[in-house]
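Numbering-wise, this note's numbering puts 184 at position 183 of the sequence shown, and it's gapless, one number per residue. Glycine included, every Cβ here is placed at the ideal spot set by N, Cα and C. All figures in this text were calculated on a predicted structure; none of them were measured in a lab.
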Amino acid sequence: MPPISQPEVRELATWRGREVVTTCYLDVDGRRFVRQQDLEREVDNVVRRARARMNGNRSVHADLDRILAFVRGGVDRRRTRSLAIFACDADDYWQVVPLPVAVPSRVIVGSAPAIAPLEAALQDYERVGALLVDRQHARLMVIGWDGIEQELDLLGDVPVSTSAEHGSGDRDRSARTGTREQAGPVARQVARAVWELHDSVRFDRLLLGGPEDVVAEVERALHPYLRERAAGRLGVPAWASADEVHRAARAVAIEAERARESALVERLRSTVAAGGRAVAGLDATLEALGAHRVERLLVSHGYSESGWRCEPCGRLARTGRACGCGAAMHEVDDVVSEAVDDAVSSGAAVEVCVGDADLDVVGRVGAFLRF
């Protein structure tokens, strides 16, 4: 399971207090900060830079003190590479989310928790089924947020129904025809076992590994519902260790996610070029967000700009100081993070794109519009 659910993220995005909120992302990766004193030096530097910008805000300084004390008290880093910390001393608000992925260290102070980096980390989370087969072995591993959650021997541990080939219903009748009949009895047994497990052992995508001729035979035997979720090959043998499977599956998942992001960016560029319901660039995107027109926001990973917010109407802008509503605006550390937070709060989807040069070319941020 991920360390925080999407409903909890939405609740976090809409939280407001009497004072500003301090958001701190900390890289605590043991591969970079081997000793505790190395980690403490990192957090000291992050907090010192943040204090210099705060102009004596007591609540924020108290938040920073608590963050320092928390890290100095020791962090279990066996499965944690980053921390997301949300704090507001004035309202006694404190939440720590451990993340098993690297997030750059930064402190953001604003009217709401800054969840953009958290969204980026959660975006890549999927439960993946890894089906490893050869002529003697068939193993199903379910891979979650922080590693292998389950492992089953499909030719030994799992009782397979012989009375119903793939359950019942319209979907299942289709499974009894076509390519499945071309597979051998062991492949059909494996395919039945995976199908019968699927309701209790949930996964979003299925990856297959092993000799190509065996893998192809099993894939032909899979229920069509599962074949649709087959998302690539794992370059590991059927007897690979759990760590090897996890690394291979993660690499395939990241590659698939980058391909999906690239397709979205290309659709954004073509829609903008055709004058359709999309905008690109920070100014146009913030204007659309303020008008509640954003349906899906695309933003380059790590993109940050200072900017302005109008508290009375909530609008964001790259430049201030006067808002179109006539009220004065106040400066914000990171208007891009604030835009992501506003998009999540409004129910818009957010896609954080990693290393996409095409999105960078059009301004590093854009959106598909509702109207």
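- Each residue's CA atom was taken as its position, placing ASP200 and VAL191 some 16 Å apart.
- Relative to VAL333, the option among ALA344, GLY18, ALA318 and LEU265 whose CA is nearest is ALA318.
- The beta-carbon distance between ALA349 and GLU306, rounded to whole angstroms, is 19 Å. This is too long to meet the 8 Å contact definition.
- Per the coordinates, the alpha-carbon of VAL215 lies some 10 Å from the alpha-carbon of VAL187.
- Taken in chain order, the whole beta strand (DSSP E) runs of length 3 or more contained in the region 263 to 314 are 279 to 281, 295 to 301 and 308 to 310.
- Going by DSSP, HIS331 is part of the beta strand (DSSP E) stretching over 331 to 333.
- In this structure, the beta-carbon distance from LEU269 to PHE369 falls below 8 Å.
- The region 76 to 127 contains, as complete beta strand (DSSP E) runs of 3+ residues, the segments 83 to 89, 94 to 100 and 107 to 111 (chain order).
- In the three-state reduction of the DSSP assignment, THR23 falls in the strand class.
- The three-state secondary structure of ARG365, taken from DSSP, is coil.
- Between the alpha carbons of HIS302 and LEU141 lies a distance of about 33 Å.
- The beta carbon of GLY315 is closer than 8 Å to those of GLY291 and ASP343 in its chain, skipping five residues each way along the sequence.
- ARG193 is the residue among GLU43, GLY31, ALA264 and ARG193 whose C-alpha sits nearest the C-alpha of ALA222.
- The Cβ-Cβ distance between VAL102 and TYR26 does not fall below 8 Å.
- Straight-line spacing of the CA atoms in ILE149 and VAL237 works out to 15 Å.
- Excluding the 5 residues flanking it on each side, ASP284 has same chain C-beta neighbours closer than 7 Å at ARG319, in chain order.
- Spatial neighbours of VAL345 in its own chain (CB-CB distance under 8 Å, excluding positions within 5 residues in sequence) are listed in chain order as VAL10, ARG11, ALA14, ILE116, GLU120 and VAL351.
- When Cβ pairs closer than 8 Å are counted between the two stretches, the region 17 to 32 is seen to touch the region 77 to 95, the count reaching three or more.
- Under the DSSP assignment, ILE68 falls in the alpha helix (DSSP H) whose first and last residues are 59 to 73.
- Counting along the chain, the unbroken beta strand (DSSP E) around ASP154 starts and ends at 148 to 154.
- Rounded to the nearest whole angstrom, the C-alpha separation of ARG17 and VAL337 is 18 Å.
- Boundaries cannot be given for ARG32, as no beta strand (DSSP E) includes it and DSSP labels it neither H nor E.
- Checking the DSSP bridge columns, you'll see LEU207 partnered with GLY130 and ALA231.
- The alpha-carbon of GLU218 is positioned some 23 Å away from that of VAL202.
- Between SER60 and ALA85, the C-beta gap is not smaller than 8 Å, which leaves the two residues out of contact.
- One alpha carbon belongs to GLY276, the other to GLY367, and they sit about 14 Å apart.
- VAL143 sits away from ALA239, with the two beta carbons spaced by 8 Å or more.
- The Cβ atoms of ARG230 and GLY210 lie no closer than 8 Å to each other.
- In the three-state reduction of the DSSP assignment, ARG17 falls in the coil class.
- By the neighbour-count criterion, in which a residue is buried when 16 or more other Cβ atoms sit within 10 angstroms of its Cβ, ALA131 is buried.
- Annotation for LEU223: no beta strand (DSSP E) segment contains it, and DSSP assigns it neither H nor E.
- Our two residues, LEU153 and ARG248, have alpha carbons roughly 18 Å apart in a direct line.
- With fewer than 16 neighbouring CB atoms inside 10 Å of its own CB, PHE372 falls in the exposed class.
- Excluding five sequence positions before and after THR24, the CB atoms of its chain that fall closer than 6 Å to its own CB belong to PHE87, ILE109, PRO114 and ALA115, given in chain order.
- In this structure, the beta-carbon distance from ALA254 to GLU127 falls below 8 Å.
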